[in-house]
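Student: Numbered as in our numbering, the sequence shown ends at 204 without a single skipped number.
We put the CB at the ideal spot given by N, CA and C, even for glycine.
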Amino acid sequence: LGLYGYTFGAAQTATSTADVAVAESGYTYAAQDNATVTLKRTLLAGTWNSLVLPFSMNETQVKDAFGVDTRVYYYNGVTSNKFNFLRHYYHVIQAGVPCLIVPSQVNSSNEYTITGVTINSDATTVSKDSYIFTGTYAGSTVMETGSYFVGHEQNSTAARLYNTNSGEKIITGLRAYLKPGTTNAAK
18 LGLYGYTFGA AQTATSTADV AVAESGYTYA AQDNATVTLK RTLLAGTWNS LVLPFSMNET
78 QVKDAFGVDT RVYYYNGVTS NKFNFLRHYY HVIQAGVPCL IVPSQVNSSN EYTITGVTIN
138 SDATTVSKDS YIFTGTYAGS TVMETGSYFV GHEQNSTAAR LYNTNSGEKI ITGLRAYLKP
198 GTTNAAK
């Protein structure tokens, strides 16, 4: 469990509250144990959303926040010019590790309360097969040419994978994107 960012003994620690909220410089957070977090992030139900969080969420926390049929996927490389994402069996979210999430329900306020988490992780990357799945907490990140990201058409709830070959694209915090790791990356 330690590999997933979980800690033991949180029940003996005093609780605290924290907001993981957007600021001008990006999403901000302070390291805390046994925190009740108010997560402020727009998500769409029943479709792909990229996500990276500074805390882990166990299966119960994921279901309570995003619905009982929520699915969580992690990047697993490229095969035959297609990106592979593996569904996590227990649908947990690992601190700092970018993932794709398909929530079965979302809050119209775009606020989610998660209790009993340890906030302690910077966003990390997952490198495999010439691509790097990169999470960001920054208010805006310019994605390099050749990157891919999950996006939604205006007035649509259907997600699709977009590339940055047609100009500069910006991604906002608590999201992730795939960027080429070498000059011969698959497309």
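Based on Cα-Cα distance, which residue from 113, 121 and 114 lies nearest to residue 85?
Tutor: Ranking the options by Cα distance to residue 85, first place goes to 121.
Student: Who are residue 36's beta bridge partners in DSSP?
Tutor: 55, per the DSSP bridge assignment.
Student: Pick out whichever of 189, 90, 80 and 162 has its Cα sitting closest to the Cα of residue 198.
Tutor: For residue 198, the nearest C-alpha among the options comes from 162.
Student: I want to know whether the stretch 83–100 touches the stretch 120–135 - three or more CB-CB distances under 8 Å.
Tutor: Result yes; three or more Cβ-Cβ pairs closer than 8 Å.
Student: Whole angstroms are fine: how far does the CA of residue 178 sit from the CA of residue 170?
Tutor: Their Cα atoms are separated by approximately 11 Å.
Student: State the Cα-Cα distance for the pair residue 205 and residue 104, rounded to the nearest angstrom.
Tutor: Shown here, the chain extends from 18 to 204; a query on residue 205 therefore has no answer.
Student: Indicate whether residue 90 and residue 102 have their beta-carbon atoms separated by less than 9 Å.
Tutor: In contact: residue 90 and residue 102 (Cβ atoms closer than 9 Å).
Student: Tell me the rounded alpha-carbon separation between residue 144 and residue 150.
Tutor: Roughly 6 Å separates the two Cα atoms.
Student: Measure the alpha-carbon distance for residue 99 versus residue 180 and round it to whole angstroms.
Tutor: C-alpha separation (whole angstroms): 13 Å.
Student: Which residue or residues does DSSP assign as beta-bridge partners of residue 95?
Tutor: In DSSP, residue 95 forms a bridge with 100.
Student: Would you tell me roughly how many angstroms separate the C-alpha atoms of residue 92 and residue 68, rounded to the nearest one?
Tutor: C-alpha separation (whole angstroms): 12 Å.
Student: Report the partner residues of residue 144 according to the DSSP bridge assignment.
Tutor: BP columns for residue 144 point to 149.
Student: Please state whether DSSP places residue 49 in a helix, a strand or coil.
Tutor: Three-state result, residue 49: strand.
Student: Where does residue 112 fall in DSSP's three states?
Tutor: Residue 112 falls in the coil class under three-state DSSP.
Student: Name the one or two DSSP bridge partners that residue 6 has.
Tutor: Because residue 6 is not part of the residues shown, which for the chain are 18 to 204, the question remains open.
Student: Where does residue 85 sit, in a helix, a strand or coil, going by DSSP?
Tutor: If DSSP states are grouped into helix, strand and coil, residue 85 belongs with coil.
Student: Hey, residue 109 and residue 137: beta-carbon distance below 9 Å or not?
Tutor: It is not a contact, given that the beta carbons lie outside the stated cut-off.
Student: For residue 95 and residue 148, I'd like the C-alpha separation in whole angstroms.
Tutor: For residue 95 and residue 148, the distance between alpha carbons rounds to 8 Å.
Student: In terms of alpha-carbon separation, which member of 57, 176, 43 and 156 lies closest to residue 117?
Tutor: Per the Cα distances, 176.
Student: So which of 55, 51 and 49 has the shortest CA-CA distance to residue 36?
Tutor: Among 55, 51 and 49, the Cα nearest to that of residue 36 is on 55.
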